[in-house]
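Colleague:
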Amino acid sequence: MELRCGGVGSQAVGRGMDGDTRDGGGGSKDAGSEDYENLPTSASLSTHMTAGAMAGILEHSVMYPIDSVKTRMQSLHPDPKAQYTSVYGALKKIVRTEGFWRPLRGINVMVMGAGPAHAMYFACYENMKRTLNDVFHHRGNSHLANGIAGSMATLLHDAVMNPAEVVKQRMQMYNSPHRSALSCIRMVWTTEGLGAFYRSYTTQLTMNIPFQSIHFITYEFLQEQVNPHREYNPQSHIISGGLAGAIAAAATTPLDVCKTLLNTQEHVALSLANVSGRLSGMANAFRTVYQLNGLPGYFKGVQARVIYQMPSTAISWSVYEFFKYFLTKHKLENRTPY
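The sequence shown begins at 1 in full-length UniProt numbering and counts up one residue at a time.
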């Protein structure tokens, strides 16, 4: 999950963007809170990238088994042996019939993609957000600046993650012929060409841009309610991030179903839809889903998607904020003369 840097209240942004130091160096407030509020302008590029990479790796690693279930539950025409009614039931059945480690197949390629993708995402977002807030001359937190920065960061993030998504989803499918990420990459490259790794890129962007917009707006609203001073408060990041991720995930499930179809090129489903060759394009994916399953088809796997995304975004927010706070505070302490 791809996420905006939190912990930026209107007062904090106003001081950071305008260079206002009327607080006399922050002596009147708790040092930890003051350091945290000033992180968006004082944190270095390497700090944003390191914190982002850690957030991405931990988020995807912890929630990967649920992601595997989501991919299977989005299958338009699943094998009778891979039909599930609940996330827990699916995990139990997969482990019992296919082995304990089966839900983790493909996790290595996801980790390799999530680290650099999230590092670039957070670094791009933080820098663009700061620049755009300067341009718009807002003393507060500009939703327009955040939205534009998030959209641009998503372009970069998805360019790295899309190939990883293709490989891991093909390895997650039931009865997948791929036993390793490397063999999957070789087969896709040989049989479908380089374009196969980006067949769902436009769909991914079409899904992630509204996802991030809904996510950011909801997160900011919830933060204003539970953490109005925007202090370092892990509990508030977990609650706000989790709820925001769940709402955004539910709203964008139809696009995720189409993305999964484009990534997996589900053979049986395409045959039933009389699709010859490879399916490409979001419009074609939407038509195929409706042709095979009608309107309910767009919400296949919504339960698994929400169950996956809610803790996933909560983990990502809390881990990112912790590492950003910890790393920046450590650097500030090392630079402070005693």
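Think of the CB as a built atom: it goes at the ideal place given N, C-alpha and C, for glycine as much as any other residue.
Here's a check: name, in chain order, each residue in its chain whose Cβ is nearer than 6 Å to the Cβ of MET128, leaving out the five neighbours to either side.
Modeller: The answer, listed in chain order, is ALA149 and MET152.
Colleague: Do TYR325 and TYR232 count as a contact pair if the criterion is CB distance below 7 Å?
Modeller: Going by C-beta atoms, TYR232 is nearer than 7 Å to TYR325.
Colleague: Can you find the residues in the same chain that come closer than 7 Å, C-beta to C-beta, to ILE185, ignoring five residues on each side of it along the sequence?
Modeller: Same-chain partners within the cutoff: VAL167.
Colleague: Threshold first: 4 residues or longer. Then list the alpha helix (DSSP H) segments lying entirely within the region 271-299, N to C.
Modeller: Within the region 271-299, the complete alpha helix (DSSP H) runs of at least 4 residues are 282-293.
Colleague: Count the other C-beta atoms from every protein chain shown that fall within 10 angstroms of the C-beta of GLY56, then say buried if there are 16 or more, exposed otherwise.
Modeller: The residue is buried, with at least 16 neighbouring Cβ atoms inside 10 Å.
Colleague: Identify whether TYR84 lies in helix, strand or coil by the three-state DSSP scheme.
Modeller: Looking at TYR84 - three-state DSSP - the assignment turns out to be coil, as it is neither helix nor strand.
Colleague: Considering ARG186, what are the terminal residues of the alpha helix (DSSP H) in which it resides?
Modeller: Element bounds for ARG186: 181-192.
Colleague: Flag this pair as yes or no: are the beta carbons of SER318 and PRO234 separated by less than 7 Å?
Modeller: Their beta carbons are under 7 Å apart, which means SER318 touches PRO234 by this criterion.
Colleague: Are the CB atoms of ALA314 and VAL87 within a distance shorter than 7 Å?
Modeller: Not closer than 7 Å, so no.
Colleague: Can you tell me where the alpha helix (DSSP H) holding ASN208 begins and where it ends?
Modeller: Its alpha helix (DSSP H) spans residues 201-226.
Colleague: Taking the alpha-carbon positions, what's the THR328 to TYR290 distance?
Modeller: C-alpha separation (whole angstroms): 49 Å.
Colleague: Can you tell me the Cβ-Cβ gap for GLN204 and THR71, rounded? I've got them flagged as a contact below 8 Å.
Modeller: Between THR71 and GLN204 the Cβ distance is about 14 Å, and since that is not below 8 Å, they are no contact.
Colleague: May I ask you to report which of helix, strand or coil DSSP gives TRP317?
Modeller: TRP317: helix per DSSP, three-state reduction.
Colleague: Taking its Cβ as the centre, do 16 or more other Cβ atoms sit within 10 Å of ASP256, making it buried, or is it exposed?
Modeller: ASP256 comes out buried.
Colleague: Can you name, in chain order, every residue of its own chain whose Cβ lies under 7 Å from the Cβ of THR252, other than the five neighbours on each side?
Modeller: Cβ neighbours of THR252 beyond the five flanking positions: MET207, PRO210 and PHE211.
Colleague: Using the beta-carbon count (16 or more within 10 Å), is LEU222 buried or exposed?
Modeller: So LEU222 counts as buried.
Colleague: Going by Cα to Cα distance, which pick from ILE66, THR191 and ALA117 is closest to GLN172?
Modeller: Comparing Cα-Cα distances from GLN172 to each of ILE66, THR191 and ALA117, the minimum goes to ILE66.
Colleague: What span of residues does the alpha helix (DSSP H) with PHE136 cover, start to end?
Modeller: Element bounds for PHE136: 107-136.
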